[in-house]
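Chains A and B are the protein sequences, given in the same order. Residue numbering for the first sequence follows this note's numbering, beginning at 1342 and increasing consecutively. Residue numbering for the second sequence follows this note's numbering, beginning at 194 and increasing consecutively.
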Amino acid sequence: AQSVTQPDIHITVSEGASLELRCNYSYGATPYLFWYVQSPGQGLQLLLKYFSGDTLVQGIKGFEAEFKRSQSSFNLRKPSVHWSDAAEYFCAVGASGGSYIPTFGRGTSLIVHP
Amino acid sequence: DAGVIQSPRHEVTEMGQEVTLRCKPISGHDYLFWYRQTMMRGLELLIYFNNNVPIDDSGMPEDRFSAKMPNASFSTLKIQPSEPRDSAVYFCASSLRENQPQHFGDGTRLSIL
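Written out as structure tokens, the structure is:
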């Protein structure tokens, strides 16, 4: 079965600084990969997805993620963080040839300092 | 597009009472998912449906939990009897197909006293 790890429980950055949130997955087949964001009191919202093709994926709100098969990673990046980006971020992985139903990571809480 | 609609948004009830959470998925979506979110355990998949049929309920914690989907536009998650450890935020999500992104509702915050 696929699994996904988000090594960082909390990340603190200053407004305007760059951001990278880590996501590692475990599965032998080609994965489907997602990043979601959850603001307080709300459900999860899709930021971006990777199914195939270009390994650098652009998403909403200025986010991007890069699929690196050799490292089994799908890290989320943003060049300049805004205070409104403070939220919980979830990586999810589903797998072709097995269960497509995505497995979610535990999440990373992003704190933005002014 | 109205999105996934959950009701109620908040529920506070006493231990032992029956709790019913409701979900209206996005029209045309074939898959419906119920999740539970807590600080301790994160986001847990409880059960999911395909075309109104339960496919995998292995995440349902106990027999006290049950879920139904009588038609394509409505699903319920029931807890009977409820216990304080059931306190959590419960999310419903739907997707067009199995490998497509899920659309989440805003959740029901459940508190069992």
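Quick reminder that beta carbons are idealized off the backbone N, C-alpha and C, glycines included.
Give the straight-line distance between the Cα atoms of residue i and residue j, rounded to the nearest whole angstrom.
i, j, result
"A:V1434", "B:V205", "34 Å"
"A:T1420", "B:L236", "Sequence inspection shows Pro at residue 1420 of chain A; the Thr mentioned does not correspond to that position. The alpha-carbon atoms of A:P1420 and B:L236 are separated by roughly 28 Å."
"B:N243", "B:L225", "7 Å"
"A:S1355", "A:D1426", "11 Å"
"B:Q293", "B:R257", "30 Å"
"B:S220", "B:N264", "11 Å"
My output table needs one value for residue i: the three-state DSSP class, helix, strand or coil.
i, result
"A:S1344", "strand"
"B:Q293", "coil"
"A:Q1412", "helix"
"B:R202", "coil"
"B:S266", "coil"
"A:S1355", "strand"
Residue i and residue j: beta carbons closer than 9 Å?
i, j, result
"A:F1415", "A:L1374", "yes"
"B:R229", "B:F267", "no"
"B:T213", "B:L270", "yes"
"A:L1389", "A:F1404", "yes"
"B:Q295", "B:E211", "no"
"B:L289", "B:D223", "yes"
"A:H1351", "A:L1451", "yes"
"B:V246", "B:P218", "no"
*What residue ranges within the segment 221-261 of chain B form continuous beta strand (DSSP E) runs of no fewer than 3 residues, ordered along the chain?*
224-231, 235-243, 246-249
*Using a Cβ-Cβ cut-off of less than 7 Å, give me the residues of the segment 267-294 of chain B that come near chain A, in sequence order.*
F284, E291, N292, P294
_So if I threshold CB-CB distances at 9 Å, which residues from the segment 1401-1434 of chain A count as touching chain B?_
F1431, A1433
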